[in-house]
Structures are given as C-alpha cells and as structure tokens.
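Here is the structure we will look at.
Numbering (this note's numbering), first residue to last: 14 to 438.
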C-alpha cells in the first residue's frame, strides 16, 4: 500500500506506474482517492475546530450558571448539543471515507523499481543469468510420474479417491527423498545464519489482506468455513504476519528467517490442475526465506536471497537460470521479483521452481509493522524467497539425476538424510 502523502504529492508518478503495469482500468482510482482524501481532511479539520469550541464553551457554562446567567448558560448548552450532533455526523463521514480510501489504496499497485523491465506478461520476462550446463542425456527421460511409479514412489489413484485431482501419496524412497530435500534445505539456510521456524498453518483475514493483493487471495487461499481463518499458501504469510501491529527496535534488524510449512492453493486460473503430475497441485511443502530489514538494505538482501536458491540447486547438480519478472508479471505489492527456473532434460527447457520478491514497505504499511530508529519510527522493507518447494522440485531432481538404467543418483549433500544411499532404484 502506498503512502497517502506520496500519492497526494506525486499522483502523476502513481498513474505512470499503473500504466507500466498495464492496469489502465485502475487509473480512475487515483482521482477518486485524491477527492476522498480532500473531503476527509476537510471533515477532520472541521471536527477538530468543533471539538476545540465545544470544550471552550462547556467550560464557560459552569461560570455562567454561577453568575446566575441562566439564559446565557442554556444558549451555550444548546450550542454544545448542536456541535455534538455535527461532530457525530463528521466522525461517521471520516470513518466512511477512511474505509473507502483504504479499499482503493489496497488495489493501487506498489511503485516498481526503475530496473524492472517493462512488459505485459510473463512472456516478456528477461533472462538474467544461467548457472550450470543444461544437458540432455543420450537416453530417453520419462515423464516425472513415470519415473516415480517405476520406483514405486507415488500413488495418484488413491489420492483422487480420497481428495480429488491435485493431491498425491508419496511413498518409499521417493517420500524419503522428499523429506531429505526439505531437511537439507532447512540446514542449508541455518548454516547461512537464518533462524528456523515452523509457523501457524492458518492465519486470520487481516493478515491475509496485509500480505497479498485481493486478486492473489481470490485465486489462492482456502477459507475455513465459519471461521476467520485461511489456510496459508506459503509460510511467508505467517512469517510476515507475526510482526503485525508491532514496533521492532532498529537494533534487531535485519531479521533473517527460514520457515517450513505445508502450502495449500486453490490454483484458480487458465493453467488448471494437472490430472497426472505433481507440478501444479493443491497441496505441497516448502522451505521459505523471509527477511525484514532497513529500506536501504533491501536490494542487497534481494541479491543474496535468490543466489541462495541458485546455490542450493547447484549443490544438487541441477542447472538453473534466473529470470527477471517484467512489470506486467509483478503482483501489485512487489517492487521487484526474480524467478529461479530449473532445467528439464525431458522438456529441454527451464521451468519455475522458486521466486524471490522485494515488496518494499507495502506489507509493513498494511500490517502496521514499524521500526523504532534513532530519528523516529519508519516502515521496514520485507522480502521473501523460495529455498525449495517439493514435490515440484522433485521433477527437476529426478530428471537431472536419472541414470540410463533407471536408477537415480543421490548427490553427496543428501546422502546423510537418505541413510547413506548413493542411489535409489
């Protein structure tokens, strides 16, 4: 959410930013907010004047009664009553205008970083760098579910009967590999100075609207019927939400946190849910990074975070590339975002396995997260990034570590979590 003072003084920058994101239908919101803000400030100014006058007149009433000036005292009382009635109307107007302003401000997109490439959608995202040599083996690489089934590691039919499409049973060595990857990701981040968390898997609506845009919420979140609770789509939601309505000492920054959670997503949209596969599903598990820091440090942290993901995947012999999201592909709260994509030998192309985002102070403003510094309080910046999200990551792992005989190589960092196994199959 933008600073109201910024929108008031720089409306043209806000309008241009909306155009850069190809959301011209939101342009009228700027003028609507400015007009409502003007009415709100006028109502508040009038209200403050009336309160001052009412207090002054109220003090005079006792003196007038003491002097026997009953008629004058009654007139003063009538004035106070009249002011109270007008004040009640003004306070109601202020409340209504404040709610309408916030409703629109939540929809106006955050100001993107000048370095973000301009483009309409993800087809115009820009490759930044490749890491590792993408290779295609001399033998056929089967579809990932076929690999898992040959290793007796997945059961989709039973999951359809219990839960429907978009769910799965992992079993045997594949289930163990899934857990090993998450355990390795946890320790990988702890070794880099991050504090490990297991957060709540359900959050209240005020946290949901604080951490994401309405469009994302509608397409992602599952609501618990009869409760003010939503299942999280990523542990970032809980981890940023943990700071809601708090003032953090500047000495406590940066906060570098890594969290494990299951994730639940409706996955509404044109892409749909896979009937036979584990790439786009309703339930998965993830290790996440979250950073709360000073504004001037956020871009340095942004670079660090997505390179941690690159380093993680490369340690497991998986080639990756980084892809910068263009303006039209950025969610409304994001200032800048880079996706990490893994190489698929079967498809002979890269696919997304993680996303790193700098949200500026947008989440902090929405959730009233403030920092107490030497020169007063301010809003911190928040960032998040995927360390790893199996079972999607399993697709890249299995394809890139598959041997010609159908066995799967276990890279050295995972062997301690796999009972010392060097391969499965």
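Don't be surprised by glycine CBs; every beta carbon is placed ideally from N, CA and C.
Query, Result
"Which residue comes first and which comes last in the alpha helix (DSSP H) that contains residue 160?", "157-163"
"Check whether the Cβ atoms of residue 375 and residue 14 sit closer than 8 Å, and answer yes or no.", "yes"
"Any idea which residues DSSP pairs residue 356 with across the strands?", "363"
"Which runs of the beta strand (DSSP E) spanning at least 3 residues fall entirely within the region 313-353, listed in chain order?", "333-337"
"By the 10 Å Cβ neighbour count, where 16 or more other Cβ atoms means buried, how is residue 342 classified, buried or exposed?", "buried"
"Put residue 183 into one of helix, strand or coil per three-state DSSP.", "strand"
"Can you tell me which of the three DSSP states residue 394 falls into?", "strand"
"Is the region 32-44 touching the region 63-70 in the sense that three or more CB pairs, one from each, lie closer than 8 Å?", "no"
"Under DSSP, the alpha helix (DSSP H) around residue 405 begins and ends at which residues?", "405-413"
"What are the partner residues of residue 201, as DSSP defines its beta bridges?", "Per DSSP, none; premise fails for residue 201."
"Opposite residue 86 in the DSSP bridges: which residues?", "According to DSSP, which records beta bridges pairwise, residue 86 is partnered with nothing at all."
"Taking the alpha helix (DSSP H) that residue 378 falls in, what are its first and last residues?", "375-380"
"Using only alpha-carbon positions, find the residue among 406, 187 and 104 that is nearest to residue 166.", "187"
"Any chance you could list the alpha helix (DSSP H) runs of at least 4 consecutive residues sitting entirely within the region 218-242, in chain order?", "218-224 and 227-233"
"Can you give me the start and stop residues for the beta strand (DSSP E) that residue 269 sits inside?", "268-277"
"Okay, do the region 184-201 and the region 244-252 touch, 3+ Cβ pairs below 8 Å being the bar?", "no"
"Taking the beta carbon of residue 131 as the centre, do at least 16 other beta carbons fall within 10 Å, making it buried, or is it exposed?", "exposed"
"Contact defined as beta carbons within less than 8 Å: I believe residue 205 pairs with residue 321. What is the distance between those atoms, to the nearest angstrom?", "6 Å"
"Can you find the residues in the same chain that come closer than 7 Å, C-beta to C-beta, to residue 358, ignoring five residues on each side of it along the sequence?", "148, 149, 150, 154, 412 and 413"
"When the distance is taken between beta carbons, is residue 259 closer than 8 Å to residue 302?", "no"
"Hey, which unbroken runs of the beta strand (DSSP E) at 3 residues or more fall wholly within the region 128-154?", "139-144"
"Closest to residue 212 by C-alpha separation, out of 177, 174, 273 and 197, would be which residue?", "273"
"Straight-line CA distance for residue 461 to residue 437?", "The question about residue 461 has no answer, for the chain in this structure spans 14 to 438."
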